[in-house]
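Peer 1: When we follow our numbering, the leftmost residue of the sequence shown carries the number 812, and every step to the right adds one. C-beta: ideal position from N, C-alpha, C; glycine also.
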Amino acid sequence: MNSEQRNHWNRQHKILSGIITKPEAHTEAVAIILELHTALYASEESNGQPMRIP
Numbered sequence: 812m813n814s815e816q817r818n819h820w821n822r823q824h825k826i827l828s829g830i831i832t833k834p835e836a837h838t839e840a841v842a843i844i845l846e847l848h849t850a851l852y853a854s855e856e857s858n859g860q861p862m863r864i865p
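Structure representation (structure tokens):
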């Protein structure tokens, strides 16, 4: 994961943390979760190792 991807991940995770408990933001939270999940597994496939998140 390069720095641009990591910055995007961090921004999305911060947004998710702020909306995860809000029922009215359920659709947005699911979209972010799926995006982060996809990024995690795409990173793993690209180098054969699980991505480490500090």
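I'd like to check one pair, His824 with Leu868: are the Cβ atoms closer than 8 angstroms?
Peer 2: The shown model of the chain, from 812 to 865, leaves out residue 868, and the question about it has no answer.
Peer 1: Using a Cβ-Cβ cut-off of 7 angstroms (strictly less than) and excluding sequence neighbours within five positions of Ile843, which residues of its own chain qualify?
Peer 2: Excluding sequence neighbours, Ile843 sits near Gln823, Ile826, Leu827.
Peer 1: Where does Lys825 fall in DSSP's three states?
Peer 2: Lys825 falls in the helix class under three-state DSSP.
Peer 1: Where does Asn818 sit, in a helix, a strand or coil, going by DSSP?
Peer 2: Of the three classes helix, strand and coil, the one that applies to Asn818 here is helix, per DSSP.
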